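From first to last, the protein sequence lines stand for chains A and B. Just so we're aligned: the first sequence equals residues 8 to 341 in this note's numbering. Just so we're aligned: the second sequence equals residues 256 to 550 in this note's numbering. C-beta atoms are modelled at their ideal positions from N, C-alpha and C, and glycine is treated no differently. These figures come from a predicted structure and were not determined experimentally. A short write-up of the structure that comes next.
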Amino acid sequence: MKTKRPWAITALLGAALLGVLLIAMGAGSVYIPPGEVARILTDPSQEGSFATIIRQIRLPRVILAALVGSCLATAGAVFQGLFKNPMADPYVIGVSSGASLGAVVAMALGLQLRFLGLDSVPILAFLGAVATMLLVYNLARTGGKVPVLTLLVAGVAVGSFLSALVSLFVYFADERLHQVVFWLMGGFAGATWHYVGMALPYTVIGLAMVGLHARELNVLLLGEEQAQHLGVDVERVKRILLAAGSLLTATAVSTAGPIGFVGLIAPHMVRMIIGPDHRSLLPAVALLGAVFLVAADTLARTIISPTELPVGLITALCGGPFFIYLLRRRGLSP
Amino acid sequence: MKRFCILLILLCLTAGAAAQGGFPREIVDDAGRKVIIPHPPERIVSLAPSNTEILFAIGAGDQVVGVTDYCNYPPETEQKAKVGGFSDPNVEEIVALSPDLVLGTSFNDGVIENLARLGVRGIIISPETVADVLAAIERVGYAVGRDGEASALAGNLRERLLAVEEFIAGKERPRVLYQVWHDPLMVAGPGSFVDSAITLAGGQNIAWDAAKGYPRFSSEVVVLRDPEVILSPKTHGSGAVADAPLPPGWEDLTAVKEGRVYSIDADMIARAGPRIVAAIEEVARILHGEKGEDK
């Protein structure tokens, strides 16, 4: 059974995002009542520790979680569609391993570069992600074409290789590299406005690139030959979607570390509810990813406050059972 | 007859040695194992920097033949064989050194068990508080036949701790944040070794309600509780936490505004060795000023 009104679902998810953002602003180790939150947000002259917490800690963190959530979920939807593979997730072509290697190198060398207020870890993570994407793409290219299957296998192979390099670094890590382990767990504890500033433009560009090719993604699902017959420049569309998916993943991983599960399950959840048409699917997926990750991060910082949990733990613990419930109820859509 | 004589001489020698140091000795280690040490150990392998420091401080450095890669104090440790990491030392290396005593901590429980199966004697000494360290010094001294040196050292440290206690008596306890790591923010939680050091030095740890050990901590709570002093560890070759940009929202903290953000030698304050007392003295000076001067 498919819902006949996908836009109603999307509107509902939009409202849910607003709701969860409001809750996330008030909840935390320190509870701040909604009225107080509203006053602080609307009146710049408000001061005190609540104002500091809201403006400098909570707001950038909540916004970054929303951006990263929509990046990961959308990237997951793109790769699942592009590879016609339900197991695909944002990390399937090794982009997260590349980002991890970049971050680990930055930490191992103790690089101290600063760029637009960001330190070397997010910068090198981003470069690592983009370099991996280019490497995998060129490895998979044969005679001007990029067969998706080759791309998938090349991505998995490169990803495993880079992961092994990361493990090697971690294995020989001295005390200084203990941070690598924490980085690899992912999370938003270090979120600042600089991170939001870095993530926002790439998120917008990536989502726009994907959104403009929603129809082509639908056509690709019919098979590449069919798509070609229908007048779609298959290779060009693949390149654009691949670049967009990788850009979104790189943005997410470089600002928050690798966070699992969101990119895998958010697209499936939405597909089970509103069907496989990417034109209505993509906006809903981006919204659900944001809602899910903001909620998960809010839980991570409140459950055993003032101690914080890694957000990846929450996404897997809460997302897993809910996903299985949906799977049993509705089955998997193509 | 000749053989009998040699045997007799050997017997007398061992008996003499035993009478001299009171060996064999029995010790119950921190894993609750009863271990008999037949003679003063001559070839000791230490599996933790804290135990290595204790051994050298009680004059048993010459009896040590192996240490871990992390044992960097005192400088003489450089001349000792390295047996690998802290929680995963190389068992073959250890056995190859044919030690007559291996000194581990609770991290090495499995290693000590494995070694016991191979016939290598090992004990676990794993102090968890500053008071434990003083007791551990005396117990290690007993195990390796350095009783006199150990009780002298423990006595000296005890006196210095009493002096600190006197120094801080009646003084207000400043709110202290011990920042283990900045991203994600990690602090010294209640019951941790650093936490007990802060308390003894006359401070109050603002992370009193965090999880045990060295947990992740909410940056928001730091802003709310407004620490008066921030301490962070400094390891050799990197001052990563001190060099890192200030977390957002921390500009208005009392500690930051008053410039009371300090780095502490991580090896001194986080190791359950004799130097913890010097670290406590240093923290007490940071919190309450030099002796005589009122802060």
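Secondary structure at Ala336 of chain B: strand, using DSSP grouped into helix, strand and coil. Closer than 7 Å to the CB of Asp438 of chain B there is at least one CB belonging to chain A.
In this structure Asn411 of chain B is exposed. Its beta-carbon is surrounded by fewer than 16 other beta-carbon atoms within 10 angstroms.
Residues of the same chain with a CB within less than 6 Å of the CB of Ile100 of chain A, apart from the 5 flanking positions on each side, are Val143 and Gly162 in chain order. For Met216 of chain A, the enclosing alpha helix (DSSP H) starts and ends at Trp200 to Gly218. Between Tyr469 of chain B and the set B:Val290, B:Leu432 and B:Val516, the nearest pair of CA atoms involves B:Leu432.
For Asp520 of chain B, DSSP records a beta bridge to B:Lys489. The beta-bridge partner set that DSSP reports for Arg280 of chain B consists of B:Ile292.
Taking C-beta separations shorter than 8 Å and ignoring five residues to either side along the sequence, the partners of Ala499 of chain B in its chain run His437 and Asp438, following chain order. Taking the beta carbon of Asp507 of chain B as reference, the chain A residues within 7 Å of it are Thr59, listed in sequence order. Around Pro265 of chain A, no beta-carbon contact reaches into chain B at under 8 Å, the shortest distance being about 14 Å. With fewer than 16 other Cβ atoms from the protein chains shown falling within 10 Å of its own Cβ, Met94 of chain A counts as exposed. Cβ-Cβ separation between Val102 of chain A and Ser253 of chain A: approximately 5 Å, consistent with a contact (criterion under 8 Å). For the C-beta of Ser474 of chain B, the chain A residues within less than 8 Å are, from N- to C-terminus, Ile64 and Ala196.
Note that the C-beta distance between His220 of chain A and Val244 of chain A is below 7 Å. Around Ile47 of chain A, the same chain offers Gln53, Ala58 and Ile61 as residues with beta carbons nearer than 6 Å, after the five sequence neighbours per side are excluded. At a cut-off of 7 Å between beta carbons, Ser107 of chain A makes no contact with chain B.
Secondary-structure assignment with DSSP links His437 of chain B through a beta bridge to B:Leu440.
Against chain B, the CB of Pro51 of chain A has no partner CB under 7 Å away; the residue lies outside that interface. Distance check between Pro290 of chain A and each of A:Ser107, A:Leu159, A:Ala259 and A:Val277 places A:Val277 closest, using alpha-carbon atoms only. When Cβ-Cβ separations below 7 Å define contact, Glu43 of chain A makes no contact with chain B. One alpha carbon belongs to Val153 of chain A, the other to Glu242 of chain A, and they sit about 7 Å apart. From the listed residues A:Ile311, A:Leu158, A:Ala138 and A:Glu43, the smallest Cα separation to Leu146 of chain A is found for A:Leu158. Interface criterion not met: the Cβ of Glu242 of chain A is under 7 Å from no Cβ in chain B. Nearest to Asn92 of chain A by C-alpha distance, out of A:Leu191, A:Leu169, A:His275 and A:Ala196, is A:His275. Residues of chain A with a Cβ closer than 9 Å to the Cβ of Gly504 of chain B are, in chain order, Ser56, Thr59, Ile60, Arg62, Gln63 and Ile64.
In this structure, the straight-line span from the alpha carbon of Ala31 of chain A to that of Ala215 of chain A is close to 27 Å. Contact note: Arg471 of chain B reaches chain A through Ala196, Thr314 and Glu315, using a C-beta cutoff of 7 Å and chain order. Listed as beta-bridge partners of Asn460 of chain B by DSSP are B:Val431.
Look at Leu169 of chain A here: in three-state DSSP terms it is helix. For Phe176 of chain A, no chain B residue has a C-beta closer than 7 Å to its own C-beta; the minimum C-beta separation is roughly 15 Å.
When rounded, the separation of the alpha-carbon atoms in Val449 of chain B and Gly339 of chain B is 26 Å.
When Cβ-Cβ separations below 7 Å define contact, Val442 of chain B makes no contact with chain A.
With 16 or more other Cβ atoms from the protein chains shown falling within 10 Å of its own Cβ, Lys335 of chain B counts as buried. Taking each of B:Gly504, B:Tyr517, B:Leu440 and B:Val399 in turn and checking the Cα distance to Gly55 of chain A, the smallest one comes out for B:Gly504.
Membership of Ile272 of chain A in the alpha helix (DSSP H) is indicated by the continuous run Val269 to Ile281.
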